[in-house]
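This report concerns only the one structure given below.
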Amino acid sequence: LHADTFVGGLAIDWIERKASGKPFFLQVGFPGPHPPYDPPAEEAEPYLDRDLGIRPVAAGDIESQPIPFQQLVRKHVEGDHDAVRHKVDSTGEERHRQRAYYLANVTMIDREVGRILDALEAADVLDDTIVVFTSDHGDMLGDHGHSQKWTMYEQVIRLPLIMWSKKGFGRTGAINPLIQHMDIAATLFDLAGVDAPSSWEARSFAPALRGE
20 LHADTFVGGL AIDWIERKAS GKPFFLQVGF PGPHPPYDPP AEEAEPYLDR DLGIRPVAAG
80 DIESQPIPFQ QLVRKHVEGD HDAVRHKVDS TGEERHRQRA YYLANVTMID REVGRILDAL
140 EAADVLDDTI VVFTSDHGDM LGDHGHSQKW TMYEQVIRLP LIMWSKKGFG RTGAINPLIQ
200 HMDIAATLFD LAGVDAPSSW EARSFAPALR GE
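Using our numbering, the first residue of the sequence shown is number 20, and each one after it goes up by one.
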């Protein structure tokens, strides 16, 4: 039983027992995709045979980075993080396998999200539920010589943020404003017709969802 499958199952169990008759809030935190990059073999196999678009680290890339970034690379080489020790000179095969495992884990989570949506529909609450899908950070996966997070490269900071409601919000498609995670709570309050605490610095982006 993989950790992400276990978490998805717990969420479904909670929905089946409690998501009816009154308003609810459920936050589901999947551990993956995360080191040690350990999807079941059958999940990883489809990605192992694909071209995953991995680019080699350019000569002089690490040396041209800010000193703290160079120190970060050395730190990851000298010690393991989450049971993974980073290698600056990883082979193409090693980087390919790491990325394949990462993508396989993403696929697993995608499937679990689908199961959760099915459970909401079976509980007859999907029509009145707002679904938010996001992540806390990306993963360098060896790009620019780095692993995991801790940098400000696009691979780390450009995150998915999907908000969905069967009834819609008034606008579809992508929106461009810069958004912070703390704004999600203010937005949910707004969409639910609840006043957010005046002490919050967070700002609702519900107007953007409505196309205002």
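We put the beta carbon where it would ideally sit given N, CA and C, even for glycine. Owing to the predicted nature of the structure, the values given are computational and were not obtained by experimental measurement.
Cβ-based burial, residue i [other Cβ within 10 Å; buried from 16]
i: Pro54; result: buried
i: Val213; result: exposed
i: Thr191; result: exposed
i: His200; result: exposed
i: Ile34; result: buried
i: Gln90; result: exposed
i: Arg114; result: buried
i: Ile86; result: exposed
i: Glu131; result: buried
i: Ile176; result: exposed
i: Phe49; result: buried
i: Gln46; result: exposed
i: Thr110; result: exposed
i: Gly157; result: buried
i: Gly133; result: exposed
i: Gly19; result: Residue 19 is absent from the model: the chain starts at 20 and stops at 231.
i: Asp23; result: buried
Opposing strand residues paired with residue i [DSSP bridges]
i: Met182; result: Val151
Start and end residues, alpha helix (DSSP H) containing residue i
i: Arg36; result: 22 to 37
i: Leu197; result: From DSSP, Leu197 is part of no alpha helix (DSSP H); its letter is neither H nor E.
i: Leu160; result: First-last for Leu160: undefined, no H or E at that position.
i: Tyr66; result: 60 to 67
i: Leu228; result: 225 to 229
i: Val175; result: 173 to 176
For residue j and residue i, believed in contact at Cβ under 8 Å, the rounded distance
i: Pro59; j: Val125; result: Contact doesn't hold; Cβ gap of about 14 Å is too wide.
i: Leu178; j: Thr206; result: Contact flag wrong, Cβ pair sits at about 15 Å.
i: Ala119; j: Ala63; result: 5 Å
i: Arg229; j: Asp202; result: About 15 Å; that fails the 8 Å criterion.
i: Val150; j: Trp183; result: 5 Å
i: His105; j: Ser166; result: 4 Å
i: Tyr56; j: Gln117; result: 6 Å
i: Ile135; j: Ala30; result: 5 Å
i: Asp209; j: Ala225; result: 4 Å
heavy atom of the ligand NAP below 7 Å from residue i C-beta
i: His105; result: In the structure on display, the ligand NAP does not appear, and there are no ligands present to speak of.
*Start-end ranges of the alpha helix (DSSP H) lying completely within the stretch 69 to 129, minimum 4 residues*: 86 to 97
*Which runs of the alpha helix (DSSP H) fall wholly inside the stretch 199 to 223 and span at least 4 residues, in chain order?*
201 to 210
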